[in-house]
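As structure tokens, the structure follows; a few thoughts come after it.
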């Protein structure tokens, strides 16, 4: 081995890994984030360049053709998607990207099994046992990430209903699948990697496991699922990093794995649910569907018009906006920004309050507001703004429901009891934009709708906001 | 304190390769050391990410986890024209393509999102 292989190349991979750490570090504030992203790109360029240099003597014309062709096709597709994708579609895009990482991990693991010499993981007897474990893990986690993310994508994109699909005996089935995978890893190890069928079979079982794990999880629990799959894609990459002995891959896998795990934790905490209960699934349907259900309500409530809402807000000194998934569905963020600009001209102070699980992925609302050019220093997290509602004349709830439900604080029998909620009822008036009087995804009636200081604005969020703008 | 711990962990990580050959450490344990320390770094770095940027965080972690392309390149470059090597070459080529979608898509969509975050009056 020359010094490039033994010293310089590993050092360069390490540099790439450190640049990836800096890419995440940059995200501690929007001001440093763009520089962080450039660090990430630089790290990727170094990792790819180093690999090409290591392989230089092996690269014949056909191989160059395969690599350059693949990068050209993949890169173009990726760049076009990145440019065109609507910000409201970000959760499904991220799910789709996870599925690609998962599939790539499966393919790399398969390739390493078929051509172990190129990966330097075999001797005369066959593939090293440690490498076989890493390969199997990488492939199994990758396969599970692949199909799981496809299901998450279909649920988020509306190709599939958001309601949980409960297979009979699914826990037994999942455990059997997992046990099957473990046994097949054993078979593969015993054969020193010659039993390719065992590898294919364990990958197939993992593909099925990805489906059976995710279909019982309801649409509104998708923030946890997307974070969890993010984490899995990291662990799959790390497993293969061991096979390749590659620092960049191991460091990245660890970073991504921890990142997804922490986001899952934050999302679960935002719903006051245990990670296990989310994974076991079965909770809640699709709130967008429930919202359109037109449930009959026989209790009296106050219904208002756009004109009323405009009048109340114009005369307020402080308004807090509470956006939820309904805003994303109605694509109302730009109209909302216009409304807030008009109100600011009237001298009204505007703030935005974001619940940790508002939307379908971590930070979903923040991105939509940023897209509508809402300055990020007007946007606040739950714990920073919750005490502020009592000093505000108006809380303007657009497309959110359960995250404002006071039952979470008072009703011990409520399924959402203990979930942190925004104290919108402390504001002088609560304006609620909803399509109908239906309940939220948890299927719980929101007591707030029937209070004296609540005014319901029943309409499509975007249309209602536009009507309010006309009345300002 | 958090900051200090992450600095200490980074220092360990940077110094680690120097010890690689020192005592003839089992390579898997050596890699495991890097992995474990990187998990700690990940823990501290990710907790310091502002919640407002959690969506870009997911997009960029997507992009960087596509560094799996290094494995895909090794597979695509498999030399010697046996049937098994061709299987590896084709699997590798497809993996290079999938990872490229993610690398370009992930970094560019992150850049696009981050460009939207503006301060008041900026």
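Protein chains in written order, with the working numbering: chain A, 62 to 533; chain B, 214 to 335. C-beta: ideal position from N, C-alpha, C; glycine also.
Simplified DSSP state of residue i, which is helix, strand or coil
i: residue 360(A); result: coil
i: residue 446(A); result: helix
i: residue 134(A); result: helix
i: residue 195(A); result: helix
i: residue 186(A); result: coil
i: residue 299(A); result: helix
i: residue 379(A); result: strand
i: residue 486(A); result: helix
i: residue 418(A); result: coil
i: residue 428(A); result: helix
i: residue 27(A); result: As displayed, chain A neither begins before 62 nor continues past 533, which places residue 27(A) out of reach and without an answer.
i: residue 474(A); result: coil
i: residue 505(A); result: coil
i: residue 79(A); result: helix
i: residue 270(A); result: helix
i: residue 335(B); result: coil
i: residue 295(B); result: coil
i: residue 407(A); result: coil
i: residue 394(A); result: helix
i: residue 219(A); result: coil
i: residue 369(A); result: helix
i: residue 254(B); result: helix
i: residue 175(A); result: helix
i: residue 434(A); result: coil
i: residue 214(B); result: With a pLDDT of 43 at residue 214(B), under the threshold of 50, the modelled position of that residue is not reliable, and no figure is offered here.
i: residue 330(B); result: coil
i: residue 226(A); result: coil
i: residue 257(A); result: helix
Spatial distance of residue i from residue j (CA atoms)
i: residue 425(A); j: residue 165(A); result: 26 Å
i: residue 291(A); j: residue 103(A); result: 22 Å
i: residue 301(A); j: residue 316(A); result: 14 Å
i: residue 379(A); j: residue 231(A); result: 51 Å
i: residue 74(A); j: residue 243(A); result: 32 Å
i: residue 357(A); j: residue 506(A); result: Here the model assigns residue 357(A) a pLDDT of 49, short of 50, so the residue's position is not dependable and the matter cannot be decided.
i: residue 64(A); j: residue 444(A); result: 54 Å
i: residue 140(A); j: residue 314(B); result: 8 Å
i: residue 381(A); j: residue 90(A); result: 23 Å
i: residue 80(A); j: residue 312(A); result: 10 Å
i: residue 495(A); j: residue 363(A); result: 13 Å
i: residue 126(A); j: residue 522(A); result: 51 Å
i: residue 264(A); j: residue 175(A); result: 15 Å
i: residue 258(A); j: residue 484(A); result: 57 Å
i: residue 533(A); j: residue 311(B); result: 50 Å
i: residue 250(B); j: residue 401(A); result: 46 Å
i: residue 155(A); j: residue 163(A); result: 12 Å
i: residue 266(B); j: residue 235(A); result: 34 Å
i: residue 84(A); j: residue 188(A); result: 35 Å
i: residue 250(A); j: residue 177(A); result: 14 Å
i: residue 383(A); j: residue 462(A); result: 10 Å
i: residue 202(A); j: residue 465(A); result: 37 Å
i: residue 248(B); j: residue 299(A); result: 8 Å
i: residue 66(A); j: residue 116(A); result: 10 Å
i: residue 420(A); j: residue 114(A); result: 44 Å
i: residue 325(A); j: residue 429(A); result: 21 Å
i: residue 326(B); j: residue 269(B); result: 7 Å
One or two residues paired with residue i in a DSSP bridge
i: residue 493(A); result: 458(A), 517(A)
i: residue 384(A); result: 459(A)
i: residue 412(A); result: 381(A)
Residue i Cβ short of 7 Å to the ligand FAD heavy atom set
i: residue 152(A); result: Only the bare structure without any ligand can be found here, which leaves the ligand FAD out of the picture.
Short CB-CB distance (under 8 Å) between residue i and chain D
i: residue 300(B); result: Absence of chain D from the displayed structure is noted, the protein chains being A and B.
Closer than 9 Å, Cβ to any Cβ of chain A: which residues of the stretch 316-331 of chain B, in chain order? If the cut-off is 9 Å between Cβ atoms, the stretch 316-331 of chain B has 316, 317, 318, 319, 320, 321, 322, 323, 324, 325, 326, 327, 328, 329, 330, 331 near chain A.
Please go through the stretch 272-323 of chain A and give each complete alpha helix (DSSP H) segment of 4 or more residues, from N-terminal end onward. DSSP runs (the alpha helix (DSSP H)) wholly in the stretch 272-323 of chain A: 283-305.
Under 7 Å, CB to CB, which of the residues in the stretch 252-273 of chain B have a partner in chain A? Across the stretch 252-273 of chain B, CB contacts with chain A closer than 7 Å involve 252, 254, 255, 256, 258, 259, 260, 261, 262, 263, 264, 265, 266, 267, 268, 269, 270, 271, 272, 273, in sequence order along the chain.
Relative to chain B, which residues along the stretch 135-153 of chain A have a C-beta separation below 9 Å, given in chain order? Listed by position, the residues of the stretch 135-153 of chain A near chain B (Cβ gap below 9 Å) are 135, 136, 137, 138, 139, 140, 141, 142, 143, 144, 146, 148, 151, 152.
Counting only Cβ-Cβ distances shorter than 8 Å, please list the residues of the stretch 303-334 of chain A near chain B, keeping chain order. Against chain B - using a Cβ distance shorter than 8 Å - the residues of the stretch 303-334 of chain A are 303, 304, 305, 306, 307, 308, 309, 310, 311, 312, 313, 314, 315, 316, 317, 318, 319, 320, 321, 323, 324, 327.
Anything in the stretch 80-92 of chain A with a Cβ closer than 7 Å to a Cβ of chain B? List those residues in chain order, please. Under the 7 Å Cβ criterion, the stretch 80-92 of chain A contributes 81, 82, 84, 85, 86, 88, 89, 90, 91.
Considering only residues of the stretch 267-312 of chain B, which uninterrupted alpha helix (DSSP H) runs meet the minimum length of 4 residues and lie entirely inside it, listed in chain order? You should have 267-278, 282-289.
Near-chain B residues of the stretch 190-222 of chain A (beta-carbon distance less than 7 Å), N- to C-terminal order: For the stretch 190-222 of chain A, which is checked against every Cβ of chain B, the residues closer than 7 Å are 191.
Any residues in the stretch 152-170 of chain A with a beta carbon nearer than 8 Å to a beta carbon of chain B? Which ones, in chain order? Here the close residues are 154, 155, 158, 159, 161, 162, 164, 165, 166, 168, 169.
Relative to chain B, which residues along the stretch 246-260 of chain A have a C-beta separation below 7 Å, given in chain order? None of the residues of the stretch 246-260 of chain A has a beta carbon lying less than 7 Å from any beta carbon of chain B.
What residues from the stretch 422-448 of chain A come within 8 Å of chain B, judged by C-beta to C-beta, listed N to C? Correct list: 422, 423, 424, 425, 427, 428, 431, 432, 434, 436, 437, 438, 439, 440, 442.
What are the start and end residues of each continuous alpha helix (DSSP H) run of 4 or more residues lying completely inside the stretch 79-129 of chain A, in chain order? You should have 91-116.
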